Amino acid sequence: MRTTTEPREPLDNSQQSFSCDLASDGVPVCEGKVPASVGKYRTPKQEIERQRNAASEAALQACMSQTGMTRAECIADAKAGNAS
1 MRTTTEPREP
11 LDNSQQSFSC
21 DLASDGVPVC
31 EGKVPASVGK
41 YRTPKQEIER
51 QRNAASEAAL
61 QACMSQTGMT
71 RAECIADAKA
81 GNAS
């Protein structure tokens with residue numbers, strides 16, 4: 001389930017608007033001038049990197065379980081262009 005907040009309009013010229021979406025792990029992904037009251041959050045760029053790393057890790061796990069190769073062998077195989 002994806003939850004999106006509408007951008008908040010500044011109350012005066014000293015404030016900026018911000019918006020947040022919840023990532024699949026429940027951590028807000030926010031952009032704009034995010035107030036400290038939001039707590040822990042990631043930027044969109046950080047969320048893309050997190051998802052990319054998760055996909056890479058899933059591919060490595062699949063390689064190891066399907067082929068019996070070690071992690072290092074799967075990485076070398078992928079670098080050689082042999083990964084499917």
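Numbering (my numbering), first residue to last: 1 to 84. Think of the CB as a built atom: it goes at the ideal place given N, C-alpha and C, for glycine as much as any other residue. Bear in mind the structure is a predicted one, so any value in this text is a computation, not a measurement.
Supposed close pair residue i, residue j - CB separation, criterion 8 angstroms
i	j	result
V29	E47	5 angstroms
A60	R71	At residue 60 the sequence reads Leu, which differs from the Ala that was named. Between R71 and L60 the Cβ distance is about 6 angstroms, and since that is below 8 angstroms, they are a contact.
S19	G39	Contact doesn't hold; Cβ gap of about 16 angstroms is too wide.
Alpha-carbon spacing of residue i relative to residue j, whole angstroms
i	j	result
S24	A54	12 angstroms
Y41	S17	16 angstroms
G81	E73	12 angstroms
D21	A36	16 angstroms
Per DSSP, cross-strand counterpart(s) of residue i
i	result
A22	For the sequence presented, residue 22 should be read as Leu rather than Ala. BP columns for L22 point to P28.
R42	V29
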